[in-house]
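Below: one structure, written as structure tokens.
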Amino acid sequence: MRRLLVGLFFAALAGGARLATVLPTWAAALIVAGGLVLALPTIRARVETIGDPNNDTTRDRMAMMLVGFDIVAAHPLTGIGPEGVKRVYPKMVPPEGMRRSTSHLHNTPLQIAAERGLVGLAAWLWIFVAFFHRAGAVWRRLPVSDGEDRAVVLGSLAALVTFLVAGVFEYNFGDTEVLMVAMALMALPFAVAGDRVSADACVPA
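Printed below as a string of structure tokens:
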């Protein structure tokens with residue numbers, strides 16, 4: 039739910055909507071989300087236990103985060119290698135950790151820093167810095183009258199924001215199915231730009 043709300047909010051603001059226009063929509067979305075939390079016991083229970091140190095899931099996530107930080111501190115530049123977390127986690131997990139083994143840390147930046155080091159994390163961050171810079175340039179060059187292409191590019195940008203927000207809570211960069219969708223969405227702005235170049239080249243001088 040939080041990921042959807044972030045994506046929608048980004049799309050609304052980036053699309054040129056004024057804040058005064060966006061806020062009522064945002065408030066309505068929050069009301070709907072609050073209604074779902076109250077209506078669905080499983081979601082309500084999850085919300086109520088966020089940040090609760092006595093909750094098993096919270097304790098487990100905190101243990102993973104501590105192990106990740108310890109790995110990065112011990113191997114800051116190059117990390118411990120791909121799939122290294124799976125090897126070392128059973129030896130490093132603190133007593134409060136509920137699961138005694140895991141292959142990932144439920145946090146994409148932390149997972150990459152632990153296994154590929156800060157050099158790998160910098161490279162990973164640069165992928166998305168470059169994407170947003172170049173895809174944003176494509177979106178800005180599109181005329182306002184070209185609503186369909188602008189919607190495709192803006193949708194790609196919003197989807198990638200959502201993907202990155204989700205990565206703070208899950209290692210979605212390591213999920214092949216999710217990653218393939220993300221990469222396909224990243225290609226859309228450049229496909230739009232390529233189509234426009236081809237169309238312009240076909241116009242008689």
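FYI, the numbering for the sequence shown is 39 to 243, going by the working numbering. Quick reminder that beta carbons are idealized off the backbone N, C-alpha and C, glycines included.
Which two residues bound the contiguous alpha helix (DSSP H) that contains M100?
Looking at the DSSP string, the run of the alpha helix (DSSP H) that includes M100 is D94 to A112.
To the nearest angstrom, how far is it from the Cα of V230 to the Cα of N93?
If you take the alpha carbons of V230 and N93, they lie about 47 Å apart.
Are G117 and R154 closer than 7 Å when you measure CB to CB?
With a cutoff of 7 Å on beta-carbon distance, G117 and R154 are scored as near each other.
Taking the Cβ atom as the reference point for each residue, do P227 and A168 lie within a distance shorter than 7 Å?
Cβ atoms of P227 and A168: not closer than 7 Å.
Please report the straight-line C-alpha distance between L223 and I150, rounded to a whole angstrom.
Cα atoms of L223 and I150: separation of roughly 22 Å, rounded to the nearest angstrom.
Reduced DSSP category for H171 - H, G, I as helix; E, B as strand; rest coil
Three-state result, H171: helix.
Considering Cα atoms alone, identify which of L198, G185, N210 and L156 is closest to I109.
Considering only L198, G185, N210 and L156, the residue with the shortest C-alpha distance to I109 is L156.
Could you tell me the boundaries of the alpha helix (DSSP H) in which Y127 lies?
G122 to M130 is the span of the alpha helix (DSSP H), which, as asked, contains Y127.
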